[in-house]
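Q:
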Amino acid sequence: MHPSFAIIVGCIAGMILLFITKGKSSRILTFDEEVFFIYLLPPIIFNAGFQVKKKQFFHNFLTIMLFGVIGVFVSTAVITCGSRFLFPKLNFLGLSGQEYLAIGTIFSSTDTVCTLQVLHQDETPLLYSLVFGEGVVNDATSVVLFNAVQKIDLSRLDGRVFQVLGDFLYLFSTSTALGVVAGLLTAYLLKALSFGRHSSIREIALMMLMAYLSYMLSELFDLSGILTVFFCGVLMSHYAWHNVTEISRVTTRHLFAAISFIAETFIFLYVGMDALDIEKWRMTKLSLGSLIGIYSSLILLILLGRAAFVFPLSSLSNYMNRRADRTSKITFKHQIVIWWAGLMRGAVSIALAFKQFTFSGVTSDPVNATMVTNTIIVVLFSTLVFGFLTKPLIRYLLPHHATRKNNGHEESGPHPEDMNLPFLSLEESTETNLSRAKESLSMFIESPVYTMHYYWRSFDDSYMRPIFGGPRANFHNANTANHGHLSNVV
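End of the sequence shown sits at 907 in this note's numbering; the numbers just go up one at a time, nothing left out.
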């Protein structure tokens, strides 16, 4: 179900409930942040990691992390500063500094579903990979940053900015590491214990339970369960999926996607019903003009926040890939699509807004009620208006004849002739190892993304896959068949 359609259905359901209750309530259920963060969000994020196209994702990993991590910080800064400057001028007072920071993180969380439904991976592999990758990393980073903001005491900040940044990096790295360990452990258990010889139900159950266990452990240790379950999904897809029976492979793909679909649809249905919550609208004491000004300001800040990092970071990515072929370059039209894809706001923004400004979906404070209704309006407007405009925009910028099918950066690109040299070896002389180290460093400086990707693939094929599972023949054959071109093996 398209998010726009789910929201419309939710609005219709809200109207029916309003009519039945004679204007008293438009909802069947009240929002519970624990239900959302424990039962609804984990399957959405896990499925995103499980379904990610790993080859494209890791090939563009640095660019995706630039957009998904650095981009969130830039967008948060723009929206926080902009709202703090504009809201008082619109007679909207009463928000604290910590709440302005929370607003920045809330409206920096993107929803790229509408754009991904229009893009085709075979026709625009680079663009699809960047939009999809940024979407899932953005959600995880937004939640991590939001949780970090919750712990900030601005009155005692006094030079502790670097400590806050250090806490964020610690949270990000440890959560990722826990997800990687959980994914690798699942893959090893499936391979070593040979569950498939007995029952595919056990295989599927083990994958689901280990994913959920990683999320709960992460939350128990005050880490980011979202990041943990995302990378757990990536590692399971990369290794564990190859250790189960064919029936289990097909079932897991459809089962995880179905659970994610149900959770996301439920959230959008709730948003549609909550948009007609009479009590919240009555609590808002601002005039209609002020409310429209606030909505418009938030939309404008979202536009500016995206532009502030998409175009500069795209230029930086192109510089890092300057030795690559043309299909690895992010063109200006691609940059516009990436910018547009991140304008929609969705489930994560709603959940964070309710967590910040309500208690179990209920609030009696006019300022908090105004922020909840602001978030709902922005989500509705961005999903419906920007979402419906996405398809014609992409058709205009990327006509079908210009997006011919190709494998993008996977098939070509000039590279040094001897990039398939092995790692340093104890069997070789010191002079030979030093020479290889210099050549590797030179290749890394000239083409860092391709060099890192190549050496990771070599390490993965030689050491990781034999232990944790996964096909090795394709990479090995390509490496031995072509001794001069890195591009043919990545």
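We put the beta carbon where it would ideally sit given N, CA and C, even for glycine. Computed from a predicted model, the values in this text were never measured in an experiment.
Return the Cβ separation of F647 and A770 in integer angstroms, given the expectation that the two are a contact with Cβ distance under 8 angstroms.
A: Along the sequence shown, one-based indexing puts residue 647 at 230. Along the sequence shown, one-based indexing puts residue 770 at 353. Not confirmed; about 22 angstroms, so no contact.
Q: Assess contact between the region 453 to 462 and the region 717 to 730, defined as three or more Cβ pairs (one per stretch) separated by less than 8 angstroms. Is contact present?
A: Taking 8 angstroms as the limit for Cβ pairs, the verdict is that the region 717 to 730 does not touch the region 453 to 462.
Q: Between the region 596 to 606 and the region 667 to 678, can you find at least three pairs of beta-carbon atoms closer than 8 angstroms?
A: In short, these stretches do not touch, since the Cβ pair count stays below three.
Q: Please state whether the Cβ-Cβ distance between A557 and I643 is less than 8 angstroms.
A: On the sequence shown, position 140 is the one that residue 557 refers to. On the sequence shown, position 226 is the one that residue 643 refers to. Yes, these two residues count as a Cβ contact at 8 angstroms.
Q: With respect to 7 angstroms, is the separation between the Cβ of Q468 and the closest non-hydrogen atom of the ligand MN below this value?
A: For the ligand MN, the structure offers nothing, since it holds no ligand at all.
Q: Quick check: what's the CA-CA separation for G689 versus T800?
A: By one-based count along the sequence shown, residue 689 stands at place 272. By one-based count along the sequence shown, residue 800 stands at place 383. Cα-Cα distance, rounded: 11 angstroms.
Q: Using CA coordinates, which residue listed in I755, R812 and A724 is at the minimum distance from I496?
A: As a working mapping, residue 496 is identified with position 79 in the sequence shown. Cα-wise, what sits closest to I496 is A724.
Q: Use the C-beta contact count for E681: other C-beta atoms within 10 angstroms, 16 or more gives buried, fewer gives exposed.
A: For the purposes of this step, residue 681 is taken as residue 264 along the sequence shown, with counting starting at 1. Buried, by the Cβ-count rule.
Q: What is the DSSP secondary structure of F776, reduced to helix, strand or coil?
A: Residue 776 sits at position 359 when you count from the first residue of the sequence shown. In this structure, F776 counts as strand in the three-state DSSP scheme.
Q: Which stretch, first to last residue, makes up the alpha helix (DSSP H) that contains G521?
A: On the sequence shown, position 104 is the one that residue 521 refers to. Here the alpha helix (DSSP H) through G521 covers G514 to I523.
Q: Is there contact between the region 507 to 519 and the region 748 to 759, where contact requires at least three CB pairs shorter than 8 angstroms?
A: Short answer: they don't touch.
Q: CB-CB under 6 angstroms to G511, same chain, minus the five flanking residues each way: which ones, in chain order?
A: Along the sequence shown, one-based indexing puts residue 511 at 94. Only V784 meet the Cβ criterion.
Q: Is DSSP giving R882 helix, strand or coil here?
A: If you number the sequence shown from 1, residue 882 lands on position 465. Correct three-state label for R882: helix.
Q: May I have the straight-line CA-CA distance separating V489 from S616, to the nearest angstrom?
A: Stepping through the sequence shown from its first residue, residue 489 is reached at position 72. Stepping through the sequence shown from its first residue, residue 616 is reached at position 199. Taking the straight line from one Cα to the other gives about 43 angstroms.
Q: Thinking just about the alpha-carbon of each residue, which of L483, P888 and F803 is nearest to the one in S731?
A: Numbered from its first residue, the sequence shown carries residue 731 at position 314. Nearest option by C-alpha distance: L483.
Q: Measuring straight from C-alpha to C-alpha, what distance separates G804 and I884?
A: Start at 1 with the first residue of the sequence shown, and residue 804 comes out as number 387. Start at 1 with the first residue of the sequence shown, and residue 884 comes out as number 467. Rounded to whole angstroms, G804 to I884 spans 44 angstroms at the Cα level.
Q: Flag this pair as yes or no: are the beta carbons of V553 and L536 separated by less than 8 angstroms?
A: Here residue 553 refers to the residue found at position 136 when the sequence shown is read from its first residue. Here residue 536 refers to the residue found at position 119 when the sequence shown is read from its first residue. No, Cβ-Cβ distance for V553 and L536 is not below 8 angstroms.
Q: Cutting at 6 angstroms between CB atoms, please list the residues of its own chain near F463, excluding the five before and the five after it.
A: Within the sequence shown, residue 463 is the residue found at index 46, counting from 1. Counting only Cβ-Cβ distances below 6 angstroms, and skipping sequence neighbours, we find A628, V646 and G650.
Q: State the CB to CB distance for the pair S559 and S525, rounded to an integer number of angstroms; the pair is presumed to be in contact (CB under 8 angstroms).
A: Within the sequence shown, the letter at position 142 stands for residue 559. Within the sequence shown, the letter at position 108 stands for residue 525. Contact flag correct, Cβ pair sits at about 6 angstroms.
Q: Just to confirm, are G485 and N555 a CB contact at a threshold of 8 angstroms?
A: The residue you call residue 485 lines up with position 68 of the sequence shown. The residue you call residue 555 lines up with position 138 of the sequence shown. Closer than 8 angstroms, so yes.
Q: Just verifying my parser: in three-state terms, what is the DSSP assignment at L510?
A: To locate residue 510, count along the sequence shown from 1; it is residue 93. If DSSP states are grouped into helix, strand and coil, L510 belongs with coil.
Q: Pick helix, strand or coil for G710, following the three-state DSSP scheme.
A: Here residue 710 corresponds to residue number 293 of the sequence shown, with the count starting at 1. DSSP places G710 in helix when its eight states are reduced to three.
Q: Measuring straight from C-alpha to C-alpha, what distance separates E663 and F774?
A: Against the sequence shown, residue 663 aligns to sequence position 246. Against the sequence shown, residue 774 aligns to sequence position 357. C-alpha separation (whole angstroms): 47 angstroms.
Q: Could you tell me the alpha carbon to alpha carbon distance between V491 and Y712, rounded to whole angstroms?
A: On the sequence shown, position 74 is the one that residue 491 refers to. On the sequence shown, position 295 is the one that residue 712 refers to. Their backbone Cα atoms lie some 21 angstroms apart in a straight line.
Q: Excluding five sequence neighbours on each side, which residues of the same chain lie with their C-beta closer than 6 angstroms to the C-beta of T593?
A: Start at 1 with the first residue of the sequence shown, and residue 593 comes out as number 176. Excluding positions up to five away in sequence, the list reads L644 and F648.
Q: Since I793 and D691 are thought to touch, with beta carbons under 8 angstroms apart, how far apart are those beta carbons, to the nearest angstrom?
A: The residue you call residue 793 lines up with position 376 of the sequence shown. The residue you call residue 691 lines up with position 274 of the sequence shown. Going by Cβ atoms, the distance from I793 to D691 rounds to 6 angstroms, so yes, they are a contact pair.
Q: From the DSSP output, in three-state form, read off I621 for me.
A: Numbered from its first residue, the sequence shown carries residue 621 at position 204. Note: I621 maps to helix in three-state DSSP.
Q: Nearest CA to the CA of L503: which residue from M653, G710 and T522?
A: Indexing the sequence shown from 1 puts residue 503 at position 86. If we check each option's Cα against that of L503, G710 comes out closest.
Q: Check G377 in the structure and name its three-state DSSP category.
A: This structure leaves residue 377 out entirely; the chain is present only between 418 and 907.
Q: Compute the Euclidean distance between the alpha carbons of D877 and H476, then round it to the nearest angstrom.
A: As a working mapping, residue 877 is identified with position 460 in the sequence shown. As a working mapping, residue 476 is identified with position 59 in the sequence shown. If you take the alpha carbons of D877 and H476, they lie about 14 angstroms apart.
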